[in-house]
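So the protein lines, in turn, are chains A and B. Each residue of the first sequence is one higher than the last, beginning at 116 in this note's numbering. Each residue of the second sequence is one higher than the last, beginning at 116 in this note's numbering. Where is the CB? At the ideal position from N, CA and C, for every residue including glycine. What you are looking at is a predicted structure, and each value in this text was computed from that prediction instead of being measured. Working notes for the structure below.
There are 2 protein chains.
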Amino acid sequence: MAQATIGDSEFDRDSALTLRAPGVHDVRLPEGWSIGGAVNGGYLLALLGRGLGAHLPHPDPFTVTAHYLSVTRPGPAAIRTETVRTGRALSTGQASLVQTAADGSETERIRVLATYGDLGALSDDVRTTAKPPAMPPYEQCLGKEHNDASHPLAEIAARLDIRLDPATAGWAVGRPGGRGEMRAWFGLADGRPLDPLALLLAVDALPPTTFELGMTGWVPTVELTAHIRCRPAPGPVRIAVTTRNLAGGYLEEDAEVWDSEDRLVAQSRQLAVAPRH
Amino acid sequence: MAQATIGDSEFDRDSALTLRAPGVHDVRLPEGWSIGGAVNGGYLLALLGRGLGAHLPHPDPFTVTAHYLSVTRPGPAAIRTETVRTGRALSTGQASLVQTAADGSETERIRVLATYGDLGALSDDVRTTAKPPAMPPYEQCLGKEHNDASHPLAEIAARLDIRLDPATAGWAVGRPGGRGEMRAWFGLADGRPLDPLALLLAVDALPPTTFELGMTGWVPTVELTAHIRCRPAPGPVRIAVTTRNLAGGYLEEDAEVWDSEDRLVAQSRQLAVAPRH
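In C-alpha cells, the structure reads:
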C-alpha cells in the first residue's frame, strides 16, 4: 500500500464534508469507523473539528469540548457550525452533529464548543516538566496480529495502527492488570501522517482503562475535552491514558499524547459512565 | 460573625439571579469578586452554573466547560440559558454571560456547555486510586495575615479563606519554588459550607502556578472544564493545582479538590495564556 498523505487518505476521504449552506455541512458516516454499530467518539470529534476549522478564521483546534448526547449511527449526518467570537489570536465556535430519522425527526448527537488558533504561530518556548510515558518501543508492543478470537476486532480497528504496551494488555488475554492505565503507540493504518485532526481521533481511540480494571462493559463518554498543543512530528505517537477517580458510577480518563520528538502534543480528559460489570 | 449557610451567605447574595424571561436571568456583578478590575473566572463559572441549575431538570453540575471570550467587568450582566438535551440521568445545557455597553451594544463574555445530573442519586461505589495531596494541616498553612505589602490583596481575597501550603508560597516572599504547583486549603470567609457551586468557584481561586515558576504576569484563562464528582463533606477542602506543560505561550492548570473525608470531589483543567515575564 502506498503511503497515504494528509488530504489523500482513508481518514480524509471518510471525514470529507460537503458544504450545503453557510454553516451547514453534509457528511456520510461510513460503517468503518464504528464499534458495535456506534460511530467512534474520537472520529466524530475529528469530524466536528474539521467542520469548525472550515468555519472559523483560525485553522487549528486549541481546546475542543464535546458533549455526547446520543449514539451516532453510520449513515447520513449534518454538521452545523456557528461563530461565537473571533479575535486576533483565537476564535471560538460551536458545532452540532445531527442525524435525521426516517420520519424526518432530527436528533442531535453531539454538541461541541471549541477555541481555535494557529499552532504555526506559537513560540518555540518549551518549559514542559512532564515526561513521556515509560513504555517499550513500537516493535515490542502488541498490534492487531496478537488479537485472539475472544475479542473480535471492531470495524475501526482496521483503520488504526494501535500497538498496546504489553504492561496494559493483560485484559486481552483474560488477565487484567488491575490498574486504571492504558498505553499504546498510535498511527493510521494507511500511514497518513498525524495532524491536529488526527490527534482528536487519537485521544479517544484506545481500549478503555476499565478493561484493565477487569470491567468488560461499554464505557459511554459524557464529555471529552482535548487540548492540542503542538503539531506532531512525523511517525506514530505514544498515548498514555490514566483513570484515578472511579466513583459513583462515573470515571475520568486522562490522556497524554507524545510525538516522536518527545513533545507533549495533546492532553485530554473525558468523563464517562462506568460499566456495571 | 455568625456562620453563614447555603442560601444565606455573601456568596449566595452576590450570585443571586433575577429571572427576567424564560432562559434569561439578570445579575449585578459586585466589585467584591474581582481581581484588578476583572471579575474572577471561578466566581463567574459558579454564577453560570447557578443559571443552568435553575434551567435544567437536574440540579448538579457534573461537567462544565467555559470559554472565556472577553474580560468581565463588575456591573450589570445577563445570563442566557438553553436546553440542549434532557435525559433520565443527565441533561445538557448551554449558557452565555453578556454585558451591555453604554451605547447599547452587547458583548458576550463567557460561553458555557455543561451536563447536569443528581449527585445525590449516585452509587456509593468508590474505587478511586488517587491520593490526597501531601500538605500540612490547615493551621500550618498561610492565610491572609501572612500577606506582605508587596502583593496587595485582590478584592476577592476578603471573601475567601485560602491558606497556602508553605511549600508553594515562596513566590509571595520573592522566592518562587520553581515547580508548577500550587496547593491550599479553601473555604469561604463567612464559613458558608461548600457545595457543587462553591466547588466551581474553588477550581479557579488559587494564585496561578506560574507565580511559583517565577512569572508575575496575568494568566488569562482560555477554557476551563470542571468535573464535580461528589458533594463535599463539611469543612474546608484541599486544592492541588499542577502545571506540567508550559509551551508555545500556553499552559494547562490541572486542579484536584479533596474534601475532609478524603474524597476527590472535583477535578478541573484549564488552558491559559502564559505570562510574558
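So with CB distances below 8 Å, who are the chain B contacts of residue i?
i, result
"valine 142(A)", "In chain order: nothing, as chain B lies at least about 20 Å away."
"alanine 396(A)", "Chain A is shown only over 116 to 392; residue 396(A) falls outside these bounds and no answer can be derived."
"serine 124(A)", "Neighbours of serine 124(A) on chain B: none; closest Cβ ~27 Å, over 8 Å."
Between residue i and chain A, is there a C-beta pair that is closer than 7 Å?
i, result
"glycine 364(B)", "yes"
"valine 199(B)", "yes"
"threonine 331(B)", "no"
"leucine 162(B)", "no"
"serine 130(B)", "no"
"serine 238(B)", "yes"
"leucine 314(B)", "no"
"leucine 279(B)", "no"
"threonine 207(B)", "yes"
"leucine 379(B)", "yes"
Give me the chain A residues within the contact set of residue i, using Cβ-Cβ distance strictly less than 9 Å, ordered along the chain.
i, result
"phenylalanine 177(B)", "Val337, Glu338, Tyr365, Leu386"
"glutamine 214(B)", "Going along chain A, no residue has its Cβ under 9 Å from glutamine 214(B), so there is no contact; the nearest lies around 14 Å."
Give the interface partners of residue i over in chain A, defined as CB-CB distance under 8 Å, in chain order.
i, result
"arginine 242(B)", "Leu328, Leu361, Ala362"
"cysteine 256(B)", "Within 8 Å Cβ-Cβ: nothing; cysteine 256(B) doesn't reach chain A, min ~24 Å."
Just to confirm, are residue i and residue j a CB contact at a threshold of 7 Å?
i, j, result
"histidine 342(A)", "threonine 230(B)", "no"
"threonine 201(A)", "glycine 166(A)", "no"
"glutamine 118(B)", "glycine 306(B)", "yes"
"proline 347(B)", "valine 380(B)", "yes"
"arginine 278(B)", "alanine 304(B)", "no"
"alanine 320(A)", "leucine 275(A)", "yes"
"proline 390(B)", "valine 356(B)", "no"
"glutamate 327(B)", "tryptophan 286(B)", "yes"
"serine 206(A)", "histidine 173(A)", "yes"
"alanine 193(A)", "leucine 144(A)", "no"
"leucine 228(A)", "glutamine 209(A)", "yes"
"alanine 152(A)", "threonine 336(A)", "The sequence shown places glycine at residue 152(A), rather than the alanine named in the question. No, Cβ-Cβ distance for glycine 152(A) and threonine 336(A) is not below 7 Å."
"threonine 187(A)", "arginine 224(A)", "yes"
"glutamate 371(B)", "glutamine 382(B)", "yes"
"proline 351(B)", "phenylalanine 301(B)", "yes"
"leucine 312(B)", "glycine 138(B)", "no"
"aspartate 242(B)", "arginine 384(A)", "Residue identity differs from the one stated: residue 242(B) is arginine in this sequence, not aspartate. Contact flag unset, no."
"glycine 232(A)", "aspartate 175(A)", "yes"
"threonine 324(A)", "methionine 297(A)", "yes"
"threonine 180(B)", "threonine 180(A)", "yes"
"leucine 154(B)", "tryptophan 148(B)", "The amino acid at residue 154(B) is misidentified as leucine; the sequence shows valine. Going by C-beta atoms, valine 154(B) is nearer than 7 Å to tryptophan 148(B)."
Check each candidate in the options and name the one with the smallest Cα separation from residue i.
i, options, result
"alanine 362(A)", "Val318(B), Leu234(B), Arg274(B)", "Leu234(B)"
"glycine 122(B)", "Ala387(B), Asp310(B), Leu339(B)", "Asp310(B)"
"leucine 386(A)", "Thr357(A), Leu339(A), Gly138(A), Val372(A)", "Leu339(A)"
"glycine 364(A)", "Val139(B), Gln209(B), Ala153(B), Leu237(B)", "Leu237(B)"
"aspartate 129(B)", "Gly219(B), Val139(B), Glu146(B), Ala217(B)", "Glu146(B)"
"isoleucine 425(A)", "Ser211(A), Ala317(A), Val241(A), Ile271(A)", "The structure shown does not extend to residue 425(A), since chain A is modelled only from 116 through 392, so no value can be given for it."
"threonine 244(B)", "His392(A), Asp239(A), Thr358(A)", "Thr358(A)"
"leucine 315(A)", "Thr133(A), Glu260(A), Leu162(A), Gln214(A)", "Leu162(A)"
"proline 281(B)", "Met250(B), Ala269(B), Pro308(B)", "Met250(B)"
"cysteine 345(A)", "Asp377(A), Val388(A), Glu221(A), Ala217(A)", "Asp377(A)"
"histidine 392(A)", "Ile354(A), Arg353(A), Glu254(A), Gly332(A)", "Gly332(A)"
"glycine 295(B)", "Leu268(B), Thr283(B), Gly289(B)", "Thr283(B)"
"histidine 261(B)", "Asp239(B), Val288(B), Asp240(B)", "Val288(B)"
Do we get a CB-CB distance below 7 Å when we pair residue i with the residues of chain B?
i, result
"histidine 182(A)", "yes"
"threonine 187(A)", "no"
"arginine 226(A)", "yes"
"threonine 222(A)", "no"
"leucine 275(A)", "no"
Since residue i meets chain B, which of its residues come closer than 7 Å, beta carbon to beta carbon?
i, result
"histidine 342(A)", "Glu367, Leu386"
"threonine 324(A)", "Under the 7 Å cutoff, chain B gives no residues; its nearest Cβ is about 11 Å from threonine 324(A)."
"glycine 295(A)", "Thr244"
Below 7 Å on C-beta distance, what does residue i contact in chain A?
i, result
"glycine 285(B)", "Going along chain A, no residue has its Cβ under 7 Å from glycine 285(B), so there is no contact; the nearest lies around 17 Å."
"threonine 230(B)", "His182, Val337, Glu338"
"glutamine 118(B)", "Those within 7 Å of glutamine 118(B) in chain A number zero; the least Cβ separation is about 28 Å."
Residue i touches chain B at which residues, Cβ-Cβ below 9 Å?
i, result
"glycine 157(A)", "Ordered by position in chain B, no residue passes the 9 Å Cβ test against glycine 157(A), which lies about 17 Å from the chain."
"leucine 171(A)", "What leucine 171(A) touches in chain B: nothing, since even the nearest Cβ is about 13 Å away."
I'd like to know if residue i contacts chain C, where contact means its C-beta is closer than 7 Å to some C-beta of that chain.
i, result
"tyrosine 158(A)", "In the structure shown, chain C does not exist; the protein chains are A and B."
Identify every run of the beta strand (DSSP E) within the stretch 174-219 of chain B, keeping only runs that are complete inside it and at least 3 residues long; order them along the chain.
-> 175-183, 190-201, 206-215
Could you tell me which uninterrupted beta strand (DSSP E) segments, each at least 3 residues in length, are contained entirely in the stretch 222-271 of chain A, listed from first to last along the chain?
-> none
Run through the stretch 130-182 of chain A for me and flag every whole beta strand (DSSP E) of 3 or more residues, listed as ranges in chain order.
-> 133-136, 139-144
Could you give the uninterrupted runs of the alpha helix (DSSP H) lying entirely in the stretch 317-362 of chain A, keeping only those of 4 residues or more?
-> Counting only runs that start and end inside the stretch 317-362 of chain A, the alpha helix (DSSP H) elements of at least 4 residues fall at 324-327.
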